[in-house]
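Line order of the protein sequences matches chains V and U. Quick note: the first sequence uses this note's numbering, first residue 5, plus one each step. Quick note: the second sequence uses this note's numbering, first residue 5, plus one each step. Comments concern the structure below.
There are 2 protein chains.
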Amino acid sequence: MMMDVALTTWLLFEHAEGAYADTEIVTQRSPTEQHRSRFGDFADRARRLITVLDDLAPPEAIVGTLAWNSAEHLEAYFGITLSGRTLHTLNPRLGDDDLAWIIDDAGDEVIIASGDLVATVARIAPRLRQIPRIIAIGPVDPGAANALGEVLDYDALVTSADPAPGTRTLDERQRAGICYTSGTTGRPKGVASTHRSLVLHTALAVNAGNGPALSRSECVMPVVPMFHVYAWGLPFGAVAAGAKLVFPPPTLNPAVLIELIRAERVTKAGGVPTVWIAVAEALEANGGDLGALRELLCGGSAPPPSLITTFAERYGIRMLQAWGMTETSPIATTSRLPHAMGELPLADQLDHIASAGAPVAGITLAVVDETGSEVPHDGAHMGDIYVRGPWVLDGYLHGAGPESFTARPGWFRTGDVGTIDPGGRLRIVDRTKDLIKSGGEWISSVLLESTLMGHPDVVEAAVVAIADARWGERPAAAVVLAPGTSLSLAAARAWLETHGVPRWQLPDHLVVVDEIPRTSVGKFDKKVLRAQLASLADERPSSSLPASAPPD
Amino acid sequence: MMMDVALTTWLLFEHAEGAYADTEIVTQRSPTEQHRSRFGDFADRARRLITVLDDLAPPEAIVGTLAWNSAEHLEAYFGITLSGRTLHTLNPRLGDDDLAWIIDDAGDEVIIASGDLVATVARIAPRLRQIPRIIAIGPVDPGAANALGEVLDYDALVTSADPAPGTRTLDERQRAGICYTSGTTGRPKGVASTHRSLVLHTALAVNAGNGPALSRSECVMPVVPMFHVYAWGLPFGAVAAGAKLVFPPPTLNPAVLIELIRAERVTKAGGVPTVWIAVAEALEANGGDLGALRELLCGGSAPPPSLITTFAERYGIRMLQAWGMTETSPIATTSRLPHAMGELPLADQLDHIASAGAPVAGITLAVVDETGSEVPHDGAHMGDIYVRGPWVLDGYLHGAGPESFTARPGWFRTGDVGTIDPGGRLRIVDRTKDLIKSGGEWISSVLLESTLMGHPDVVEAAVVAIADARWGERPAAAVVLAPGTSLSLAAARAWLETHGVPRWQLPDHLVVVDEIPRTSVGKFDKKVLRAQLASLADERPSSSLPASAPPD
Chain V
5 MMMDVALTTW LLFEHAEGAY ADTEIVTQRS PTEQHRSRFG DFADRARRLI TVLDDLAPPE
65 AIVGTLAWNS AEHLEAYFGI TLSGRTLHTL NPRLGDDDLA WIIDDAGDEV IIASGDLVAT
125 VARIAPRLRQ IPRIIAIGPV DPGAANALGE VLDYDALVTS ADPAPGTRTL DERQRAGICY
185 TSGTTGRPKG VASTHRSLVL HTALAVNAGN GPALSRSECV MPVVPMFHVY AWGLPFGAVA
245 AGAKLVFPPP TLNPAVLIEL IRAERVTKAG GVPTVWIAVA EALEANGGDL GALRELLCGG
305 SAPPPSLITT FAERYGIRML QAWGMTETSP IATTSRLPHA MGELPLADQL DHIASAGAPV
365 AGITLAVVDE TGSEVPHDGA HMGDIYVRGP WVLDGYLHGA GPESFTARPG WFRTGDVGTI
425 DPGGRLRIVD RTKDLIKSGG EWISSVLLES TLMGHPDVVE AAVVAIADAR WGERPAAAVV
485 LAPGTSLSLA AARAWLETHG VPRWQLPDHL VVVDEIPRTS VGKFDKKVLR AQLASLADER
545 PSSSLPASAP PD
Chain U
5 MMMDVALTTW LLFEHAEGAY ADTEIVTQRS PTEQHRSRFG DFADRARRLI TVLDDLAPPE
65 AIVGTLAWNS AEHLEAYFGI TLSGRTLHTL NPRLGDDDLA WIIDDAGDEV IIASGDLVAT
125 VARIAPRLRQ IPRIIAIGPV DPGAANALGE VLDYDALVTS ADPAPGTRTL DERQRAGICY
185 TSGTTGRPKG VASTHRSLVL HTALAVNAGN GPALSRSECV MPVVPMFHVY AWGLPFGAVA
245 AGAKLVFPPP TLNPAVLIEL IRAERVTKAG GVPTVWIAVA EALEANGGDL GALRELLCGG
305 SAPPPSLITT FAERYGIRML QAWGMTETSP IATTSRLPHA MGELPLADQL DHIASAGAPV
365 AGITLAVVDE TGSEVPHDGA HMGDIYVRGP WVLDGYLHGA GPESFTARPG WFRTGDVGTI
425 DPGGRLRIVD RTKDLIKSGG EWISSVLLES TLMGHPDVVE AAVVAIADAR WGERPAAAVV
485 LAPGTSLSLA AARAWLETHG VPRWQLPDHL VVVDEIPRTS VGKFDKKVLR AQLASLADER
545 PSSSLPASAP PD
């Protein structure tokens with residue numbers, strides 16, 4: 005019948021090497037330092053890296069990367085997995101304790117690190133059970149190198165190795181990668197991808213028409229870091245499709261992003277809404293445009309409708325929201341606009357674009373109530389979101405968090421709560437643990453936050469539950485205000501009420517803060533915020549930060 | 005690690021059923037008769053068809069379809085394969101002898117036929133070893149029904165059956181479909197697809213950015229028949245992506261196509277260049293435009309550059325060429341324009357768009373010379389094209405044509421000859437059997453044909469080899485001329501020479517014909533043409549059809 009070709013990263017790589025050899029890869033290492041190469045160079049160096057790893061590490065070793073977005077990190081994505089080893093992307097923004105714990109938990113034998121991050125490894129080395137071999141991309145601080153004993157030079161190793169020839173036979177169900185969850189509750193948990201899951205996610209999510217739809221005609225800029233769920237799969241997709249790749253520098257200066265987008269004729273870029281808010285503000289302040297950019301991929305949290313409108317009306321740029329998580333590789337649903345809505349005015353499309361949209365082919369959803377029954381598709385009944393598909397986790401590394409897989413056999417419990425409307429659209433109401441249960445009814449922190457952020461003086465808003473003797477829990481809001489403005493609890497409640505929030509859901513507390521605590525991947529850290537606001541419990545409604553915030 | 009979800013047509017269907025329930029399916033049965041439904045109806049009826057087949061046929065039966073493009077044929081694509089049975093699409097344009105032979109060879113136990121095609125089955129019934137159960141879509145001529153004994157009514161069966169619930173567990177490597185090659189040499193050969201190959205072709209070719217890239221935002225019209233390699237996979241892709249589907253009537257009247265494209269806001273349409281030439285001529289003659297159409301998918305033969313230019317400049321419509329064959333499911337390469345060429349004037353893009361382009365992810369190519377070595381990527385050295393990938397055949401049904409799989413183990417020999425240029429682009433020089441070997445050197449019939457078709461008076465041209473005592477073979481051209489024009493051999497040779505064809509490649513014979521014989525799928529039938537022109541062998545150059553054309 006049909007050839008039995010394994011679904012491994014070789015399938016994403018092998019045709020690209022020859023057919024797309026001319027395609028460019030641009031790495032902007034800093035606002036002033038740029039590196040340019042082509043897919044032909046990349047493929048040659050990825051093959052050389054296979055040889056380097058064959059010499060340094062056992063055939064099934066776990067190889068960490070602690071690196072910014074770059075051509076070298078892309079070589080590592082492929083060199084490591086093509087060699088049969090496991091790519092473990094490490095997040096340099098994690099606290100030292102979590103980072104050390106993750107390296108030990110995964111069992112990394114080698115770490116390929118950006119030169120400036122070798123100091124991070126040196127700092128956490130005393131906490132590690134065993135120190136991995138370190139390969140540094142670019143110059144390393146001598147003090148850090150000394151502390152580690154030996155640091156190998158990535159470029160020297162790769163340049164002097166021979167390219168591994170031919171194709172390596174791998175089992176498509178063998179492990180290809182490990183990412184850890186961001187761990188807003190307890191320790192991060194390891195999520196292992198197989199070659200098969202990476203290929204199917206690339207094919208059915210990243211390069212599919214309903215996803216980012218990378219192709220040879222596109223130039224994609226992953227602003228999302230490559231240590232964050234494989235930059236949503238964009239690097240794998242770009243290689244498979246022959247799309248030009250532009251890697252921005254780690255410091256996300258909007259002016260630098262705007263200039264890169266224009267100069268390289270970037271057509272699609274992916275990042276969290278915060279990045280695009282900053283870009284929109286910089287354009288607003290300084291003028292200019294975004295050249296060939298046509299689509300922004302948004303994930304992490306829902307883009308505000310005002311942002312969608314700004315990009316659409318002022319710059320002719322569409323926004324595509326994707327929903328998912330580390331455990332779903334990550335793309336599960338996207339908000340690609342249905343053909344039937346194509347002729348509607350933007351105002352009537354906004355609701356769809358800002359929703360989590362619909363599952364891509366391969367993913368099935370179940371939104372179920374407390375009895376285990378699927379909720380009606382009426383946009384009102386909410387339930388726990390379960391996911392199933394060939395790039396959805398069926399168990400964490402080392403058996404962590406088994407309760408996510410047992411509640412509904414064959415499905416993953418995402419921990420998100422949502423509704424499905426009659427058009428089949430998923431809407432995320434909240435994380436299960438961030439919902440506020442007041443008098444037996446659920447209040448969505450996400451709805452309160454997005455409505456507060458619509459207030460002209462509110463820059464950011466986060467809402468958490470505060471213990472309440474009478475109601476169980478009540479909402480408390482922390483807000484960052486625009487310079488020179490103020491907001492009282494009464495004014496905030498009035499704003500929310502006039503914007504459709506039921507009276508019983510209005511927050512009982514409002515605190516003005518300089519910044520909202522965030523996790524290593526830039527999400528609101530509600531665990532920390534809840535601790536900071538815990539002393540409000542059973543107080544009368546207040547509007548100032550508690551005198552003594554508990555320690556982080 | 006990751007869930008083990010099988011790659012079966014359930015994966016293309018299951019999420020679509022709920023998430024895309026509102027998406028429309030339009031079947032234009034004739035210029036005046038239209039049927040409209042939605043994905044929700046389609047999914048419900050496909051599930052009912054599973055029940056119908058469970059009652060009528062063994063679990064692993066082969067179920068033929070002899071049907072025009074329609075919502076019912078789409079239900080059959082899914083109902084048959086979801087049930088675990090094999091979909092065998094039959095080409096009603098085949099001769100009776102081949103059609104009967106194919107039904108027997110595959111072993112069809114049931115045939116779902118368009119009502120008007122039941123007469124075809126009745127006509128060939130006496131040639132069949134065993135007559136399958138016939139299920140008719142729409143009204144049937146009573147004479148035909150009587151001849152067959154019993155003809156079941158598709159709509160009555162489906163309406164009265166219960167929808168099969170849940171999901172059926174199938175092995176992704178089990179057979180899902182059978183298509184036969186068009187058989188321009190000898191008997192047609194059976195090509196069996198697996199569920200896995202259908203899903204991967206859908207994901208990595210049809211719905212990929214480098215392919216037709218179907219999504220929810222698109223409305224796709226497969227002009228290519230559903231009996232022709234699954235309409236290039238467009239129906240499977242549309243369901244998986246939630247793209248609106250528009251099925252044109254079997255008689256390809258350009259005015260009807262244009263009106264459908266405009267009325268339904270079709271954004272992408274797929275068909276052979278002949279169709280688009282007719283559409284362009286009708287627009288030229290009668291005015292009008294193509295509404296929301298943005299991309300035409302071309303396959304079967306290369307679109308002439310003038311056609312690409314007309315659609316791009318006059319209507320703002322891109323052309324995407326795809327190359328492949330029944331044995332490659334069919335899409336292997338596409339001519340998606342690289343980002344680096346995006347800013348070039350159209351004239352400089354034409355050469356790329358009209359080429360076979362580059363392999364999509366999953367496909368690797370090898371173009372090898374007679375010694376088995378890969379030819380240099382210089383655009384000049386030609387060789388046999390071999391293909392490898394998870395939707396490429398590794399053996400015909402019942403072991404036919406083994407020589408295609410043995411020359412280079414693990415690869416399929418396509419029978420096409422081509423070159424690869426330094427940019428990684430594939431160019432099809434010819435079918436191996438259509439090349440003309442003259443004095444030990446190869447002449448491309450395709451090059452002579454496309455250059456002749458650039459002559460203002462030549463409507464169509466086909467070139468075949470004629471035996472020659474001195475040179476082995478020499479080229480002979482058959483041309484269809486515009487009304488009221490004439491063309492001598494000398495004038496044709498002069499035209500070719502001034503357009504860059506080397507003198508030794510100029511045809512020795514030219515015959516003017518009313519039409520060029522075609523196969524059942526609309527390609528030039530060079531087997532028939534060679535037979536018709538065989539009597540020119542060893543004659544002096546002539547310019548009239550031989551007095552007695554041999555029988556078909």
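Backbone N, C-alpha and C fix where the C-beta goes; we use that ideal spot for every residue, glycine too.
Inter-residue spacing [alpha-carbon to alpha-carbon] between residue i and residue j
| i | j | result |
| --- | --- | --- |
| residue 234(U) | residue 93(U) | 8 angstroms |
| residue 609(U) | residue 49(U) | Residue 609(U) cannot be examined here, being either before or after the span of chain U that is shown, 5 to 556. |
| residue 216(V) | residue 209(V) | 8 angstroms |
| residue 451(V) | residue 25(U) | 27 angstroms |
| residue 454(U) | residue 394(U) | 33 angstroms |
| residue 550(V) | residue 517(V) | Caution applies to residue 550(V), whose pLDDT of 35 falls short of 50 and renders its modelled position unreliable; the value that the coordinates give is listed next. Those two C-alpha atoms are separated by around 10 angstroms. |
| residue 103(U) | residue 192(U) | 9 angstroms |
| residue 117(V) | residue 139(V) | 6 angstroms |
| residue 40(V) | residue 134(V) | 36 angstroms |
| residue 402(U) | residue 179(U) | 14 angstroms |
| residue 77(U) | residue 87(U) | 15 angstroms |
Nearest neighbour of residue i, chosen from the options [CA to CA]
| i | options | result |
| --- | --- | --- |
| residue 434(V) | 221(V), 468(V), 460(V), 130(V) | 468(V) |
| residue 362(V) | 417(V), 429(V), 491(V), 406(V) | 429(V) |
| residue 337(U) | 306(U), 349(U), 351(U) | 306(U) |
| residue 153(U) | 301(U), 130(U), 388(U), 165(U) | 130(U) |
| residue 421(U) | 447(U), 485(U), 173(U), 488(U) | 447(U) |
| residue 244(U) | 464(U), 75(U), 14(U) | 14(U) |
Contacts around residue i, its chain only, beta-carbon distance under 7 angstroms, and the 5 residues preceding and following it disregarded
| i | result |
| --- | --- |
| residue 353(U) | 341, 345 |
| residue 415(U) | 370, 390, 391, 392 |
| residue 318(V) | none |
| residue 286(U) | 258, 259, 262 |
| residue 3(U) | A query on residue 3(U) cannot be resolved here, the shown segment of chain U reaching from 5 to 556 and no further. |
Inter-residue CB distance, residue i and residue j (contact presumed, cutoff 8 angstroms)
| i | j | result |
| --- | --- | --- |
| residue 256(U) | residue 227(U) | 7 angstroms |
| residue 367(V) | residue 19(U) | 6 angstroms |
| residue 181(V) | residue 91(V) | 4 angstroms |
| residue 177(U) | residue 198(U) | 5 angstroms |
Neighbourhood of residue i by C-beta distance below 6 angstroms, restricted to the same chain and skipping five residues each side
| i | result |
| --- | --- |
| residue 510(V) | 497, 500 |
| residue 168(U) | 51, 54, 55 |
| residue 462(V) | 456, 483 |
| residue 521(U) | 529, 532, 533 |
| residue 330(V) | 183, 185, 195, 233 |
| residue 383(U) | 423, 425 |
Cβ-based neighbour list, residue i, same chain, cut-off 8 angstroms, excluding 5 preceding and 5 following
| i | result |
| --- | --- |
| residue 554(V) | For residue 554(V), the pLDDT reaches just 29, beneath the cut-off of 50, and the residue's location in the model is therefore unreliable, leaving the point undetermined. |
| residue 107(V) | 68, 94, 115, 128, 132, 136 |
| residue 546(V) | Caution applies to residue 546(V), whose pLDDT of 46 falls short of 50 and renders its modelled position unreliable; the model cannot decide the point. |
If contact means a Cβ-Cβ distance below 9 angstroms, which residues of the region 180–195 of chain U contact chain V? 195
Taking Cβ-Cβ distances below 8 angstroms as the criterion, which residues of the region 382–409 of chain U are in contact with chain V? 392, 393, 394, 395, 396, 397, 398, 399
Residues in the region 194–214 of chain U having any Cβ partner in chain V nearer than 8 angstroms: 196, 197, 198, 200, 201, 204, 206, 207, 208, 211, 212, 213, 214
Proximal residues, the region 14–27 of chain U versus chain V, C-beta separation under 8 angstroms: 15, 16, 18, 19, 20, 22, 23, 24, 25, 26, 27
Anything in the region 222–233 of chain U with a Cβ closer than 8 angstroms to a Cβ of chain V? List those residues in chain order, please. Interface annotation for the region 222–233 of chain U against chain V: 222, 223, criterion Cβ-Cβ distance under 8 angstroms.
Any C-beta of chain V within less than 8 angstroms: which residues of the region 248–260 of chain U qualify? 248
Please list, in chain order, the residues of the region 324–354 of chain U that have any C-beta partner in chain V closer than 8 angstroms. So the close ones are 333, 340, 341, 342, 343, 344, 346, 347.
Going along the region 363–379 of chain V in order, which residues come within less than 7 angstroms of chain U, judged by CB to CB distance? 363, 365, 366, 367, 368
Taking a Cβ distance cut-off of 7 angstroms, strictly less, list which residues of the region 413–442 of chain U are near chain V, in chain order. 427, 428
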